[in-house]
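Worksheet: one structure, shown below.
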Amino acid sequence: MRPTGDYGDSALKLNPMEMYNLLPKTNCRLCEPKTCMAFATKLALGDVKPEDCPPLLEEGFEKNLETLREMVAPMQSAEATGIKLDESRCTGCGNCVVVCPVDVAAEPDTAIGKAGKSGDTVFRVENGISKIINLEKCRRFPPDKLNCRVCEQYCCTDAIEIW
Amino acid sequence: MEDIVCNGCSLLCDDIVAEVGKGDVKSLGLCLLGFTHLDIALKHGIPSSFDDVLNDAAEVLSSADNILLYGFSSVSNEAIKEGLALSKTLGGNIDSAASLGLNQAMAHGIHSSKLDVDLEYVRNNGEFIIYWGSDPAESVHRHPSRFAVLPRGDKIPEGVESRTIGVVDVRVTETMKMANHRMIIPVGKDVEFIDSITGELEGKSSITSPVLGIPAAEVIGLVSGFKKSDCTVIFYGSGVLNSGKSKENLEAIARLIGAIKKTGKEAYALPMYPESNLMGVVNTFKDKSSSFQKIIAGEFDTVLVVGDDPLTSLPGPVARALAKSKIVYVGPPGGVTDKRADVSIHTTDLIIQGSESMTRLDQVEVGFKPWKGGSKSIATSDVLKRLHELVKK
């Protein structure tokens, strides 16, 4: 269950309302989310692409489509994104280690809250600070290319940023 | 890398490893607090001996008219027992930071000196976790990841996705970032808030308007959490115990726990605090009366401080009064009390010593593991034993 409310919602880097204002706003139901507001929210999360809105591809919406494409460009491909860990903010709490699905698969003890020690995980707390030791294993990258942001979501000190 | 146990806070993490190199230490798993604690303890080094100051200390203690033994919050269970025996021989009072709230909490009917569940039970069963007046993101860093929020358990197969998290505090806290329910209430209004949600839960009243500024829908959402979850655990901290109404707050929490249980669900309350072995003190000292008023009244001419830094941690008037006494300090070096002490006997921090035990905040005893970093050490319990022998003569 994802945290709700508007306190530090770093999961939503883009503003859904700004994106909604660039959509046709007809609720034509031709897209998977069915309404323009729902589409805008999923677009902000990177779960859909601008091209998934059929009316946007029609004449008259070229400028809107271009603007939306520019806005979501950083999220479209996992190769174009990275994970930044600000060590000055990190408290070594281990949230990122335990919440990362890749870590849990690579070192099952982390699933029950234990410290990662194997060297096979994405995150590992070394000398009091979390380090990204295997960025290429993150499921944002190929072959998975998922829009996973759980490490950022559960980092209480905002030390982790996904861009 | 060797297995070690950390005593940086009350969690006493025993799933971590460390190795000491030439002038530095490396670790895996230690949070920043624990790593800093280990690094400082190693930098302090091991004193060569304490024989030269032992006799001075014994003389000060023996010649005291009215003595207080204070501290013990960061020493082993064995040292706590030695301290208690020493206080009986000296005919002195004995006290600790547990008088700042934990004694009252553990003595209260909500616990009656024994916690109902431990942290492993919470990990395996806790569906609705509430941090009430506590902020683990700042004080007990690994509490959410190790036990309460993120890890999977027997009845929590998807970890945090299987749980609901609530935080109640008087300010925005970092822990709130993980929470589904974030309740900011005015200072001193815990009882009023708890009674509102208890009334709603029991069906005795209905929330139709904001409660202490919190929208009704949000409060009702919190109450729904109690109804939906099979097991609620409330971790209460100094916000509950040290805001001036600890007894009333604990009674209100007890009423809430009782109301949840009446719906057929499990509900528990557990204390949260940062000191590494305050629970060891609570379990050992039978006399729980506070000596703070006596300290302020200047009743003690001599204080033996063991493994604590009361001149920085006690309330101002108490610390100022205590500083006027003769002070003998026994414990790891560093701190204002050690500096101020008339006689200091430096011992090895337990994280280096790698032996004896402490008690975790859920009353589980944790034994320290021997490792190369602790090949040579001076145990606080040994020093207290030697002091005891000297004062008996």
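Protein sequence lines, in the order shown, are assigned to chains F and A. Numbered according to the numbering used here, the first sequence spans residues 1446 to 1608. Numbered according to the numbering used here, the second sequence spans residues 15 to 407. Using N, Cα and C, we set each Cβ at its ideal position, and we do this for glycine too.
### Query
So who's on the other strand from Tyr-282(A), going by DSSP bridges?
Val-247(A)
### Separation of Ser-339(A) from Ser-159(A), as counted between CA atoms
Straight-line Cα distance between these residues: approximately 43 Å.
### Query
Using a Cβ-Cβ distance under 8 Å, would Asp-363(A) count as near chain F?
Answer no: the Cβ-Cβ gap between Asp-363(A) and chain F never drops below 8 Å.
### Contact under 8 Å by Cβ, Ala-162(A) with Val-136(A)
Contact flag set, yes.
### Task
Run the CB neighbour count on Asn-69(A), radius 10 Å, all protein chains shown included, and call it buried at 16 or more, exposed below.
With fewer than 16 other Cβ atoms within 10 Å, it is exposed.
#### Entry: Start-to-end residues for the alpha helix (DSSP H) that takes in Thr-277(A)
Under the DSSP assignment, Thr-277(A) falls outside any alpha helix (DSSP H); it carries neither an H nor an E label.
### Query
Buried or exposed: Thr-326(A), going by 16 or more other Cβ atoms within 10 Å of its Cβ?
exposed
### Message
Which residues does DSSP list as the beta-bridge partners of Phe-1568(F)?
### Response
According to DSSP, which records beta bridges pairwise, Phe-1568(F) is partnered with Ile-1577(F).
### Query
How many whole angstroms separate the CB atoms of Ser-243(A) and Glu-141(A), which I take to be in contact at a CB cut-off of 8 Å?
Contact between Ser-243(A) and Glu-141(A) holds: CB atoms are separated by about 4 Å, below the 8 Å threshold.
### Query
How would you list, in chain order, the residues of chain A whose beta-carbon sits under 8 Å from the beta-carbon of Glu-1581(F)?
Result: empty, since nearest Cβ-Cβ is about 21 Å, beyond 8 Å.
#### Entry: Leu-83(A) - DSSP class collapsed to helix/strand/coil
strand
#### Entry: Those residues which DSSP pairs with Met-197(A) across a bridge
Val-182(A)
### Task
Would you kindly work out how many angstroms separate the C-alpha atoms of Pro-1546(F) and Pro-331(A), rounded to a whole number?
51 Å
### Query
How long is the line joining the alpha carbons of Arg-1594(F) and His-155(A), rounded to whole angstroms?
21 Å
### Task
Tell me whether the beta-carbon of Phe-1568(F) lies closer than 8 Å to the beta-carbon of Val-1542(F).
yes
### Task
Check whether the Cβ atoms of Leu-375(A) and Tyr-287(A) lie closer than 8 Å to each other.
yes
#### Entry: Complete beta strand (DSSP E) runs within the region 259-327 of chain A (minimum length 3 residues, chain order)
280-285, 316-320
### Query
Is any beta-carbon of chain B found at less than 8 Å from that of Thr-189(A)?
Although the question refers to chain B, the structure presented lacks it and instead comprises the protein chains F and A.
### Task
Verify whether the separation of the beta carbon atoms of Ile-271(A) and Tyr-282(A) is less than 8 Å.
yes
### Query
When the Cα atoms are used, what is the spatial distance from Asp-29(A) to Gly-368(A)?
14 Å
### Message
Please state the DSSP three-state secondary structure of Thr-103(A).
### Response
helix
### Task
Can you tell me which of the three DSSP states Phe-64(A) falls into?
coil
### Query
Per DSSP, what kind of secondary structure is Met-15(A) in: helix, strand or coil?
Look at Met-15(A) here: in three-state DSSP terms it is coil, with no helix or strand label.
### Query
Which first and last residues belong to the beta strand (DSSP E) in which Thr-189(A) is found?
Taken as a continuous stretch (DSSP letters only), Thr-189(A) belongs to no beta strand (DSSP E), as it is neither H nor E.
### Message
Please report the distance separating the alpha-carbon of Ile-124(A) from that of Lys-218(A).
### Response
22 Å
### Query
Comparing the C-beta of Leu-1457(F) with each C-beta of chain A, is any distance below 8 Å?
Its pLDDT being 49, under 50, Leu-1457(F) is placed unreliably in this model, and the coordinates cannot settle the point.
### Message
Using the Cβ count rule (16 or more neighbours within 10 Å means buried), how would you classify Gln-377(A)?
### Response
The residue is buried, with at least 16 neighbouring Cβ atoms inside 10 Å.
### Message
Using 8 Å for Cβ pairs, my map puts Lys-399(A) next to Glu-96(A). What's the rounded Cβ distance?
### Response
5 Å
### Query
Which value, in whole angstroms, describes the spacing of the CA atoms of Lys-261(A) and Glu-152(A)?
25 Å
### Task
Drop a sphere of 10 angstroms on the beta-carbon of Cys-1473(F), count the other beta-carbons inside from all chains shown, and report buried for 16 or more, exposed for fewer.
By the neighbour-count rule (16 or more Cβ atoms within 10 Å), Cys-1473(F) is not buried but exposed.
### Query
Does the beta carbon of Ala-1604(F) sit closer than 8 Å to a beta carbon anywhere in chain A?
no
### Task
List the whole-angstrom C-beta distance separating Leu-9(A) from Asn-297(A), where the pair is believed to meet the contact cut-off of C-beta under 8 Å.
Not covered by the structure: residue 9(A). The range shown for chain A is 15 to 407.
### Message
Looking only at its chain, what residues have a beta carbon closer than 6 Å to the beta carbon of Ser-304(A), apart from the 5 residues adjacent to it on each side?
### Response
Ser-113
### Query
Any beta-carbon of chain A closer than 8 Å to the one on Ile-1574(F)?
Ile-1574(F) counts as touching chain A.
### Query
For Glu-379(A), which beta-bridge partners are listed by DSSP?
Thr-373(A), per the DSSP bridge assignment.
### Query
What are the complete alpha helix (DSSP H) segments, minimum 4 residues, inside the region 33-59 of chain A?
46-58
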